[in-house]
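Protein chains: 2
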Amino acid sequence: MDRSKALAALSALAHETRLDLIRLLTPAGEDGMAAGQIAETLGLAGPRLSFHLSALEQAGLLRSRKVARNVFYSVDARGIGATIAYVLNHCCCDHPEVRAACTHRVGLLQGEVTLSGTENT
Amino acid sequence: MDRSKALAALSALAHETRLDLIRLLTPAGEDGMAAGQIAETLGLAGPRLSFHLSALEQAGLLRSRKVARNVFYSVDARGIGATIAYVLNHCCCDHPEVRAACTHRVGLLQGEVTLSGTENT
DNA sequence: AGGTCATTTCAAGAGTTGTTGAATAGTCGA
DNA sequence: TCGACTATTCAACAACTCTTGAAATGACCT
């Protein structure tokens, strides 16, 4: 994950409605939910939902697949993981308190991450 | 950390200049850096720097202290940790892939977090 | 083909955010 | 107290983001 992708992902995350979407879709797992069902659950107008879903998808935080006339959206865990990892790696890796919190585990998210190393982009 | 604080922190993070600031200030630790030194290092105009520093401070990601005529800014690791923990806890805790990545360690960041539990706000 | 349903695209408008130069406030040293 | 220095506030403007209703697209059923 590079700088501009991370920035896009953070921007996407930084919105109430989109945080709601992530939260709603997470328990739905790989299957996800159809746009219409999401709209109903969250009480969102169609265009508004579309706008936010595509923002999240474009940022790599959601994935979509068409089934008949429905579009199912599901969270892309790698995208979210990579975003968190980016913040950890590129902004906070030298900070003992944050570093200690994540050193071992975050590395599992994606091969690219080498938290114990000194990567710096 | 509540929803609106997390949102504020994510918004604050979602900007290139502010990411630069966090990155620059992290290695400087608790002591931080004086505003003027930051401005020079990053090549930022005064008002612009002030604007972004106060955005980050307001979001709880930075702290400041006055020394003589300088103002020193340093990262607030708890704020950053709490933000990451919020995303993990409130949006992704049911997602095996992300959960596995952070389960043990993030809990150390702040007492409030109980990643292995089922907290949901 | 015609009707309906699910979703997206479009265009307009309101609101918010970021940048700039000029002005202001506070601190220090002579 | 005066001048220099550090940093912030202000006002204006440009740019971007979000929301809305109307229109368009694509897929299914009869």
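From first to last, the protein sequence lines are chains U and S. Going left to right, the first sequence walks through residues 1 to 121 as the numbering used here numbers them. Going left to right, the second sequence walks through residues 1001 to 1121 as the numbering used here numbers them. Just so it is clear, CB atoms sit at the ideal spot from N, CA and C, and this is done for glycine as well. Quick caveat, the model's predicted, so the values are computed rather than measured.
About 16 Å separates the beta carbons of ALA82 (chain U) and LEU1010 (chain S), which is beyond the 8 Å limit, so they are not a contact pair. The contact set of VAL1087 (chain S) on chain U, defined by CB atoms closer than 9 Å, consists of LEU13, LEU19, ILE22, ILE80, THR83 and ILE84 in chain order. When the five nearest sequence neighbours on each side are left out, the beta carbons in the same chain lying within less than 7 Å of the beta carbon of GLY1032 (chain S) are those of LEU1025, PHE1072, TYR1073 and SER1074, in order along the chain. Under DSSP, LEU62 (chain U) shares a beta bridge with U:VAL75.
Taking the Cα of ASP2 (chain U) as reference, the smallest distance to any Cα among U:ALA59, U:ASP76, U:ASN70 and U:ALA77 is reached at U:ALA59.
ARG23 (chain U) and VAL1087 (chain S) have their C-alpha atoms some 9 Å from each other.
For the pair LEU1053 (chain S) and ASP1076 (chain S), the CB atoms are not nearer than the 8 Å cut-off.
Rounded to whole angstroms, the gap between the alpha carbons of SER1050 (chain S) and ALA6 (chain U) is 24 Å. Its chain contains ARG63, SER64 and TYR73 as the residues whose beta carbon lies nearer than 8 Å to that of GLU57 (chain U), once the 5 sequence neighbours on both sides are disregarded; these appear in chain order. In this structure, ALA12 (chain U) lies near ALA55 (chain U), with their beta-carbon atoms less than 8 Å apart. One finds LEU1007 in chain S with Cβ atoms closer than 7 Å to the Cβ of GLU16 (chain U), taken in chain order. Within chain U, the C-beta atoms nearer than 7 Å to that of HIS1090 (chain S) come from ARG23, in chain order.
Within chain U, the residues LEU10, LEU13 and ALA14 have their CB atoms less than 7 Å from the CB of LEU1010 (chain S), given in chain order.
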